[in-house]
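Reviewing the structure listed below.
Number of protein chains: 4
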Amino acid sequence: MSNTFGKLFRLTSFGESHGVAVGGVIDGCPAGISVDTEFIQNELNRRRPGQSVITTSRKESDKVEFLSGVFQGKTTGQPIGFLVRNEQQRSADYEHLKEVYRPSHADFTYQMKYGIRDYRGGGRSSARETIARVVAGAFAKLVLKQMGVKIVAYTSQIGDVRLSEKQAFAEHDIESNMVRCPDASVAEKMIRLIEQVRSEGDSIGGIVSCVIRNVPMGIGEPVFDKLSARLAYAMLSINAAKGFDYGIGFSGVANKGSEQNDAFVINEDDCNITTLTNNSGGIQGGLSNGADIRFRVLFKPTATISKKQSTVTITGENVELEARGRHDPCVVPRAVPIVEAMAAMTVLDLILIAQKDSLNER
Amino acid sequence: MSNTFGKLFRLTSFGESHGVAVGGVIDGCPAGISVDTEFIQNELNRRRPGQSVITTSRKESDKVEFLSGVFQGKTTGQPIGFLVRNEQQRSADYEHLKEVYRPSHADFTYQMKYGIRDYRGGGRSSARETIARVVAGAFAKLVLKQMGVKIVAYTSQIGDVRLSEKQAFAEHDIESNMVRCPDASVAEKMIRLIEQVRSEGDSIGGIVSCVIRNVPMGIGEPVFDKLSARLAYAMLSINAAKGFDYGIGFSGVANKGSEQNDAFVINEDDCNITTLTNNSGGIQGGLSNGADIRFRVLFKPTATISKKQSTVTITGENVELEARGRHDPCVVPRAVPIVEAMAAMTVLDLILIAQKDSLNER
Amino acid sequence: MSNTFGKLFRLTSFGESHGVAVGGVIDGCPAGISVDTEFIQNELNRRRPGQSVITTSRKESDKVEFLSGVFQGKTTGQPIGFLVRNEQQRSADYEHLKEVYRPSHADFTYQMKYGIRDYRGGGRSSARETIARVVAGAFAKLVLKQMGVKIVAYTSQIGDVRLSEKQAFAEHDIESNMVRCPDASVAEKMIRLIEQVRSEGDSIGGIVSCVIRNVPMGIGEPVFDKLSARLAYAMLSINAAKGFDYGIGFSGVANKGSEQNDAFVINEDDCNITTLTNNSGGIQGGLSNGADIRFRVLFKPTATISKKQSTVTITGENVELEARGRHDPCVVPRAVPIVEAMAAMTVLDLILIAQKDSLNER
Amino acid sequence: MSNTFGKLFRLTSFGESHGVAVGGVIDGCPAGISVDTEFIQNELNRRRPGQSVITTSRKESDKVEFLSGVFQGKTTGQPIGFLVRNEQQRSADYEHLKEVYRPSHADFTYQMKYGIRDYRGGGRSSARETIARVVAGAFAKLVLKQMGVKIVAYTSQIGDVRLSEKQAFAEHDIESNMVRCPDASVAEKMIRLIEQVRSEGDSIGGIVSCVIRNVPMGIGEPVFDKLSARLAYAMLSINAAKGFDYGIGFSGVANKGSEQNDAFVINEDDCNITTLTNNSGGIQGGLSNGADIRFRVLFKPTATISKKQSTVTITGENVELEARGRHDPCVVPRAVPIVEAMAAMTVLDLILIAQKDSLNER
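Residue numbers (our numbering), protein chains in the order written: chain H, 1 to 362; chain D, 1001 to 1362; chain L, 2001 to 2362; chain V, 3001 to 3362.
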C-alpha cells in the first residue's frame, strides 16, 4: 500500500532490487510536453550505481523503456508506464541474508508486517526503488522548466565536513565532482572522508541542500498540505532520510523573532513585494511567497557496512554478520538527484492543484 | 483545500481566529469508545491561551460542544462534529492590519493565493485552528490508550537553553511547570529566557521532543507512507514548525554506520527480538520496529512581536509596524499538546490501515 | 469513514436525525464568491420536510448557520463550516425501535458493522443527513452559475405514472406543483397515486431525471473518474437510490449501434462541432462533449410504512412491526433538490480538476 | 489523471491499444497469497479478442508478464507490476482515423481535453485498457476465494432477447456458450441476434448481471462509500457502460413499499438473522446484509460499426465514415469477466477497509 505519490501529478512505483524490473506509472502529466529522453536518461545516470569510485561497484546500465502515454514524441495526458530491467541480479550474494536481520535495515520490520519478504538485496526496501522517482521527477522537471521553475540540490555536508551556508558558489560546479558539492576544496575533503570510512569497512551520512527558484506565489494548500509539510513528507519518504528543515531551520533555533522575521520591501525595479531576507525559505503560512524555496534533508550513514556486526537470525539466534554484496559507503551524492526529483514532483503537484485558484472571483 | 488530515482516521477542520467558531469533523473513529469529555477538555486546556504568564493574555474558555457521533456516552463510528465558539473576538485590535502585511506571517501569501483574506487575527492561518487538532487528537489518544499506546511530548529546547538528550527525567514532571520541560532547573532557565524576550517586545523559538511507546511492529506503509514521512508531514503542518528529525537525527550527522546502526539482540526475558540502542528512533525501513518512536519538531520564534518592524501595505507602500493585539512570546509550551495530537492521529491512522495486514496469509 | 465527498471541492458531513445538529464542512470552494444566503436557504426549503401534504408531517425550519469561511459576504477559499440544529427531536417516537430491526432499513447492517447504533429516527442513516449535501450543492451551484452551468432535475416517474421522454416541457413549471413534475396533468396523477398509497399505509418509489447544461467539453478524468462513473457514484450514495442510467440508458437496450450513435455535424451558426442526436447524454468516452448531460436516478419506495410488517428483534425474536413516527409516503419529490446538489458538486469538482489541463502545451 | 482505482486495494493502469504494452500496478494485495498464474491467464483469456466467432477477429495472445511483488510463488504485500505486450498493432488500419472523429467514440472529447490524442485504435480509450482490470481482478478473486466470497456474472440480455429474472440456472453453464448466458436456448437466440447485426455491419448492446455470494455483513462505508455507490462507480467506469441497478432495480419501479421491503426472519438452522426476500440485492443502508449482492450493468451497442455514418473531420468538414479495422458486434460477452473483475476489486477494497472495524469496542 501507498506506493502512489501525489494527488494530481502522481507516481505509482513498483519493483524490487533483484526482481525482474523496477518501474512505475506517471499519471497526470500535462499533455503536449516534448519528451526529452536524453535528459531523462541523464537524470537516471546521475542516480546510477557505479558512476564513481565513491559509490557501489554494482554496475547497471539503468536504461528506461517507455510503455505508454507518449505519442509521436509528446505526452498525451495519459499514464506513462515505464520500466528499467534489473541486470546484475547477483542474488547469490544475498542468499546468506535469508536467515538474518541486518541491523538498521528493513529486513526485520518487513518480516513482522508481511510475514514474508524478498530478502535479495533488500527487495522492495532497496534504494533501487528510487529509480521510479527519478524518472517521474524528470518528467516533472520538463513541465516545470516551461514555467521557468528550476530545482538544484547539492551535498552540503558529509560527516563533519560542511559547506558554509554563507558561501557563494556556482551551480554549474555541483556536477563537477563526484560528491556533488559545489566548492571544490570542500568536495575534496568530503571525498577523502568517504574513502577513509570505506577503507574502514564503514559508512557515513550527511546533508543534501536544495533550492527551488521561480515557484509562483501561493503554492501549497492550507492547512494540512502546506508546501513545507508536503516537502517534508516527500523527503522523509526517501530511503535513509532522517531529518528535514527549511529556511534558516535548526541553525536559527537561538534567533529572536526580530532577527528571524523577513521584512517586506518594495522591489524598486518592478514594484513587486519581496523580502529583505529569506529566513522563511520562501514559505510563509505554508504557502510559497515568491522567494527561493530552500530546505535541507539529513541522510544517515548507510546501514550496510563490511565491518562485523552483532545481530540475530530469523529463528532468534545471536550471530555475527559481515556484509558481502556491494554497497555505497555514503548515499548522499546519489541522493542529490533523488531529492531534486521528489521536490519537482511535489511542487508540480501543488502547482497543478493551485490551478483551481484561477476560478477565484477577484 | 486540504483541510482534511488522515486516511482512515480523519479530521476535517474549519474556523478562523475571529469568526463564529472553530471546529471540525472526526471521521473514522472506531465505535464503542467511551467519550471521556473531561479528558478532552483538559487537552484543550493545555493548549488554551492565557494559561500562564508566559502565554498570550487572550482569554478563551475554549469549551467544546459535540454535535454528533456520540450516543449514550460512546462513539458510534459515525462522524463526530464539534465546535468551540470564539469568545474574545476583539477584532478592532486587528482593524489596523487590514492594509498591511505582517512580516513572516501568512497575510501576504493568502492574499496572493485567494485575492481575499480574513485579516482579523490571521483568520484561518491563526494557530487557533489547532483547537480542532487537539480535540481530534484527544479522541485518537482515547483509542490508542486501549491498545496501550502512550504519547508524551515535552519542551526540550528554548532558544539556546536545552535539555540534555542523555538526561533521565520523570514524565509526570512535564506538566509541573508552565514551559513543559521535565527538568525543573532547565525549565526555570527557559522561563526566564521567555520572560526576557517578552520584556524586549521580542519572541523566541525552540524544540518539542516526543516519544511514542508501545506502537505495534510494522506500522507505516511502504514506500511513500513511511511512518517517518507521515510524522514529518503531520508536524510540518503545524503553524510555525520549521524542522523535523527522528531517532538520533541531526545530532548524529558525524556518526559512522558502525556507531549509528542498532544491533539486534534477543531479549532474554521474553525471547523477543529487540535492539541494543535506538538511534533509529523506533523506525526502520519506514516501519515501526517495536522500540520507542522518538522525534523532534523545531518551532520558529513567533512572528508577531511588539518591536517596531519594517513592512509594506497592500497598496505597496513602505511602513513601520508595531503589533498590538495579544500574542505569545514563545509558541513552544502550547505546541506540546498539539505535537501530541498530531502524533496520535498519525499513529492511529496508520494502525487502522495496518489492520488490512491481518488478512495476510501466513 | 467516508463522510467526505469530492476531491478538490469537498463536502464532509456529520449529524444524526435526532442528534444535536446536522451539518458539514465545505472545503475547496473558490474564493470571492458572493454568498447568496437566501438562495441557499431556499434550496434547503425545497428539501425540507412538511413542505406539502404529500411529505412527512415532521416540521423543521432547517435554518442554516454558517460558522466560517465567509468574510464580508464572500467566500475566502477557506473551509465553510455550517450546521442546522435539529428541532423536532421527538425521540420518544423511536424508543420502541431500540429493540427491533426495521425491514429494508439500515438498522440491522449498522448494528452488525459497528456493534452500536443511534436508533432514533435512523440516526446517521436518516435522509436528514442530506441537508449537508443540499447546502454544499447550493454553494457549488453559485460557483457554476458564474460559468453559465445550469442544473435542473424533476420527477419523471412515480410508480407506473411516467412523463413521456419525448414530451417537451417548460422548466419553470417544475416547481409549480408539489411532486416536481413539469407536466401538470402527469403531476396530478402522480400526486393522486402518492395520496392513495399513503392512505393505504404504504409507500411508492419513482425516478428523478436531471439535465446539466453548458458543461465545458472534456470534463471527467480517464479512465476511472469518467463523468458517468462519478455521477453514478454520487447518485447511488443518496439514501434509497437503486439505479442510474445516462443518455438513452436502459430504454435503448434494443437499439442497434446505427440507431444509437450520435452523428457529429458542424453547427452552421458558430462552426462548432456538435451532434445531431444526444443518445450519449452528453458523455462520450467518459468525458463531457458539450451537449446537455442527461441522466436518471431510481428511488425505491420508502422503507418506512404504517402497514404491519414481520421482522425480528435484536435478540432474535419474530415480531410484528407497525411504524409510528412521521414519514414520507414517497421520497422522490424531496429527492429532486438532492439529485441537483450531488450533480452540482460532482460537476464542479471535475471542472476544478480539469483546470490542470490548462497547463497542457498546445 | 485518475488511472488509479480503489483505496486500500488499488489498481493503477496504463497503456494504449496500439502502444508498446498495456499493464498496471496492483498495490495493497495482501501478502502470502499463492499466485495461481494459470487462473490469472484464464481470466485474461475470457476477455481476449478472437475467442469466438461473435467477437473481433483481432488475435492477441495476451500473455501477462509479472515484474514485481511476487516472490517464490507468493505475493509479498509489495506492488505487483505487470504488463501485456501488444502484438497485432495493425496501426495502418487506423491511419485514416487520424483526421476524423468517429461517432459516439472518445476521439472528439479526448482531443478537446488534451489537444492531442493517440488515434490508433482509440488509444487509451480503447477497451484494451481493461486487460489491467482483469489481471487485478484476478488477484482480488484469489484473495476473496480464501474468504469464501464468490463472484459470478453472466449475460442476461442482448438487444431484446432476455433471460427471465425468475429462471433458475446452473452457474457452470455460463461458460458453456460463447455469449455467456446460462440458459442454452436463450443463449442460442442471443448468438443469432449478434450474428445478424454483424452481417448488417451493425452492433447491439445488452445487460450483464452479477451475483456476489458470502460477502461479510457490514461492508461499505457510510455515507458516501455505500457498497451500492462504489459498485455503480466501478461499473460505470467500464467502457460502453450506460446504466446500473441493484436488487429489484428498475423492474420494481411500480412496487409499493409493502411489496419491496425484505422482511427479516430467523434462520431456523443457525439462528442467524436473514431476509425472506432479497429485493434489496444484499445491500441495506449502503452496507452488505449478508444476502447475495445482485446488480446489473447496461452496455450500449459498440460504437464502431461497418455501416456508413456521417461525421466531421478534425478540421471541421462533413464526411462519410466506414469503419475498417476489427471490432466486436457486441461487447457484452467479453464484458462479463470485466464486470466480475471490477466487482472483485470493489468488494475486496471495502473488506480491507472494514478491517478497521475490528478495533470497535464491543
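We put the CB at the ideal spot given by N, CA and C, even for glycine.
Handout entry: Listed by chain order, chain V residues near H/Ala263 by CB distance under 8 Å
Key = Going along chain V, no residue has its Cβ under 8 Å from H/Ala263, so there is no contact; the nearest lies around 41 Å.
Practice task
Compare the C-alpha of H/Ser288 against each of H/Leu276, H/Ser185, H/Ala254 and H/Arg213 and name the closest.
Solution key: Ranking H/Leu276, H/Ser185, H/Ala254 and H/Arg213 by Cα distance to H/Ser288 puts H/Arg213 first.
Handout entry: Contact with chain H by D/Gly1257, beta-carbon distance below 8 Å
Key = Yes, contact with chain H.
Exercise for the section: Give a yes or no on contact between the region 3073–3089 of chain V and the region 3019–3026 of chain V, applying the rule of three or more CB pairs nearer than 8 Å. Expected result: Output reads yes: the region 3019–3026 of chain V touches the region 3073–3089 of chain V.
Exercise for the section: Confirm, please, whether the CB-CB distance from V/Pro3030 to D/Leu1352 is below 8 Å. Expected result: D/Leu1352 places its beta carbon 8 Å or farther from that of V/Pro3030.
Handout entry: Contact list for H/Leu236 against chain D, beta-carbon separation under 7 Å
Key = Near H/Leu236 (Cβ distances below 7 Å), the residues of chain D are Lys1226, Ser1228, Ala1229 and Ala1232.
Handout entry: Buried versus exposed, by CB contacts within 10 Å (16 or more), D/Phe1039
Key = That one is exposed.
Problem - Simplified DSSP assignment, three categories, for L/Lys2007 - result: Three-state DSSP puts L/Lys2007 in coil, outside helix and strand.
Handout entry: Same chain only: Cβ atoms within 8 Å of H/Gln88, ignoring 5 sequence neighbours per side
Key = These residues qualify, in order along the chain: Arg58, Lys59 and Glu60.
Problem - C-alpha distance - V/Leu3142 paired with H/Ile54, whole-angstrom precision - result: Those two C-alpha atoms are separated by around 46 Å.
Problem - H/Asn279 versus V/Gly3286: straight-line alpha-carbon distance, rounded - result: Roughly 52 Å separates the two Cα atoms.
Problem - Check whether L/Phe2244 and L/Val2331 have beta carbons under 8 Å apart - result: The answer is no: Cβ separation not under 8 Å.
Handout entry: Simplified DSSP state of D/Phe1224, which is helix, strand or coil
Key = Residue state, collapsed to three classes: coil.
Practice task
Tell me, please, whether the region 1236–1251 of chain D touches the region 1290–1307 of chain D by the rule of three or more beta-carbon pairs shorter than 8 Å.
Solution key: Cβ pair count under 8 Å is three or more, so yes.
Practice task
Could you tell me whether the Cβ atoms of D/Ser1126 and D/Glu1016 are closer together than 8 Å?
Solution key: Yes, these two residues count as a Cβ contact at 8 Å.
Practice task
State the DSSP-derived secondary structure class of L/Val2135, mapped to helix, strand or coil.
Solution key: L/Val2135 falls in the helix class under three-state DSSP.
Handout entry: Of the listed residues V/Gly3032, V/Glu3361, V/Gly3247 and V/Lys3189, nearest to L/Ser2104 (C-alpha basis)
Key = Out of V/Gly3032, V/Glu3361, V/Gly3247 and V/Lys3189, V/Gly3247 has the C-alpha closest to the C-alpha of L/Ser2104.
Practice task
Along the alpha helix (DSSP H) that carries V/Asn3318, what are the first and last residues, could you check?
Solution key: Premise fails: V/Asn3318 lies in the beta strand (DSSP E), Asn3318 to Leu3321, not in any alpha helix (DSSP H).
Handout entry: Enclosing beta strand (DSSP E) for D/Arg1294 [first to last residue]
Key = Taken as a continuous stretch (DSSP letters only), the beta strand (DSSP E) holding D/Arg1294 covers Ile1293 to Phe1299.
Exercise for the section: Helix, strand or coil for L/Tyr2119, going by three-state DSSP, please let me know. Expected result: Of the three classes helix, strand and coil, the one that applies to L/Tyr2119 here is coil, per DSSP.
Exercise for the section: Can you grab the Cα-Cα spacing for the pair L/Met2342 / H/Ile293, in whole Å? Expected result: Going from the Cα of L/Met2342 to the Cα of H/Ile293 covers about 39 Å.
Exercise for the section: Starting from D/Asp1245, trace the beta strand (DSSP E) both ways and give me its first and last residue. Expected result: DSSP places D/Asp1245 in the uninterrupted beta strand (DSSP E) bounded by Ala1241 to Tyr1246.
Exercise for the section: May I ask you to verify whether the region 303–320 of chain H touches the region 100–115 of chain H, counting CB pairs closer than 8 Å and requiring at least 3? Expected result: Contact holds between the region 303–320 of chain H and the region 100–115 of chain H, because three or more Cβ pairs, one in each stretch, are under 8 Å apart.
Handout entry: Contact residues within the region 1296–1313 of chain D, judged by C-beta distance below 7 Å to chain H
Key = Those would be Leu1298, Lys1300, Pro1301, Thr1302, Ala1303, Ile1305, Lys1307, Gln1309, Ser1310, Thr1311 and Val1312, in chain order.
Problem - 4-residue-minimum alpha helix (DSSP H) runs that sit fully inside the region 3016–3063 of chain V, ordered along the chain - result: Within the region 3016–3063 of chain V, the complete alpha helix (DSSP H) runs of at least 4 residues are 3037–3047.
Problem - Cβ shell of V/Val3064 (< 7 Å), same chain only, five flanking positions each side left out - result: Only residues of its own chain outside the window of five on either side were considered, and among them Ile3040, Gln3041, Leu3044, Phe3082, Val3084 and Val3135 have a CB closer than 7 Å to the CB of V/Val3064, listed in chain order.
Exercise for the section: Using a cut-off of 8 Å between C-beta atoms, extract the partners of V/Cys3271 located in chain L. Expected result: Per Cβ cutoff of 8 Å: Gly2316.
Problem - Residue-chain proximity (V/Gln3284, chain D), Cβ-Cβ < 8 Å - result: Cβ-Cβ to chain D under 8 Å: no for V/Gln3284.
Handout entry: Contact with chain V by L/Pro2333, beta-carbon distance below 8 Å
Key = Cβ-Cβ to chain V under 8 Å: no for L/Pro2333.
Exercise for the section: For D/His1172, count neighbouring Cβ atoms within 10 angstroms of its own Cβ and tell me buried if that reaches 16, exposed if not. Expected result: Answer is exposed; the Cβ neighbour count stays below 16.
Practice task
Can you give me the start and stop residues for the alpha helix (DSSP H) that H/Phe264 sits inside?
Solution key: Segment Phe264 to Ile266 is the beta strand (DSSP E) holding H/Phe264; no alpha helix (DSSP H) there.
Handout entry: First and last residue of the uninterrupted beta strand (DSSP E) at D/Ile1273
Key = Element bounds for D/Ile1273: Ile1273 to Thr1275.
Handout entry: Cross-strand partners of V/Val3253 (DSSP beta bridge)
Key = DSSP lists no partner for V/Val3253.
Problem - Beta-carbon proximity check, D/Ser1013 vs D/Glu1095, cutoff 8 Å - result: Cβ distance not < 8 Å, so D/Ser1013 and D/Glu1095 don't count as in contact.
Handout entry: Limits of the alpha helix (DSSP H) - the one that V/Thr3109 falls within
Key = Asp3107 to Tyr3114 is the extent of the alpha helix (DSSP H) around V/Thr3109.
Exercise for the section: Establish whether the CB of D/Lys1356 and some CB of chain V are separated by less than 8 Å. Expected result: Closer than 8 Å to some Cβ of chain V, the Cβ of D/Lys1356 qualifies, so yes.
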